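Have a look at the structure below before the remarks.
Structure representation (structure tokens):
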């Protein structure tokens, strides 16, 4: 009898361990399929972290907003409500300290870095794009070259947003997904 109980308990624990990552994958897939896609213009950054793995570090041109509120603290959550500008890129509609329950606009929860001189600077939760190890270095070099070239079409991250969940699905260089861009070079 005791063996049956242990096997049942083991089975339940195993199912829970499988259900948690499956739920996370399901949520992200639903965000990509049913969420709104936003193009976030990227900015140059010089990454270096051998412990995280092969990735492209992303920084965005859209990482601050003006605020007369002087109570913003580093680490505070900030709800960034999004809209699209005339070129189709993400723009801030409003930024607030708490979720606006009356708004049906897409939003992302970011983290305040610091407030200075009437501006609040923040970080989005989607600032790294992981790639296959053999292509990551070439992708990083291509990304760095293109993001500094202001004469060509902007390099941007394609981010899907739904109910506050944001999923970075691709980085686009010259209107080409970065994996394809690296493969062509």
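Residue numbers (our numbering): 9 to 193.
Here a beta-carbon is modelled for each residue, glycine too, at the ideal position from N, C-alpha and C.
Given the structure is predicted, the values throughout are model-derived calculations rather than measurements.
In chain order, which alpha helix (DSSP H) runs of at least 4 residues are fully inside the segment 61-91?
Annotation note: the segment 61-91 contains no uninterrupted alpha helix (DSSP H) run of length 4 or greater.
How about residue 46 and residue 98: do their beta carbons lie closer than 8 Å?
A contact, by the Cβ cut-off of 8 Å.
Extent of the continuous alpha helix (DSSP H) to which residue 18 belongs:
10-42
Curious, which full-length beta strand (DSSP E) runs of at least 3 residues does the segment 124-165 contain?
127-131, 136-138
Residue 189 - partner residues in DSSP beta bridges:
Residue 189 is not bridged to any residue.
Going by CA-CA distance only, name the one from 145, 156, 22, 192 that's closest to residue 67.
156
Could you tell me whether the Cβ atoms of residue 113 and residue 90 are closer together than 8 Å?
In this structure, the beta-carbon distance from residue 113 to residue 90 falls below 8 Å.
Tell me which residue opens and which closes the beta strand (DSSP E) that residue 99 is part of.
98-104
Kindly indicate if chain B contains any beta-carbon less than 8 Å away from that of residue 89.
Note that chain B does not occur in the displayed structure, where there is just one protein chain.
Exposure of residue 189, with buried meaning 16 or more beta-carbon neighbours within 10 Å
buried
Below 8 Å on the Cβ atoms is my guess for residue 120 versus residue 84; work out the distance and round it to an integer in Å.
4 Å
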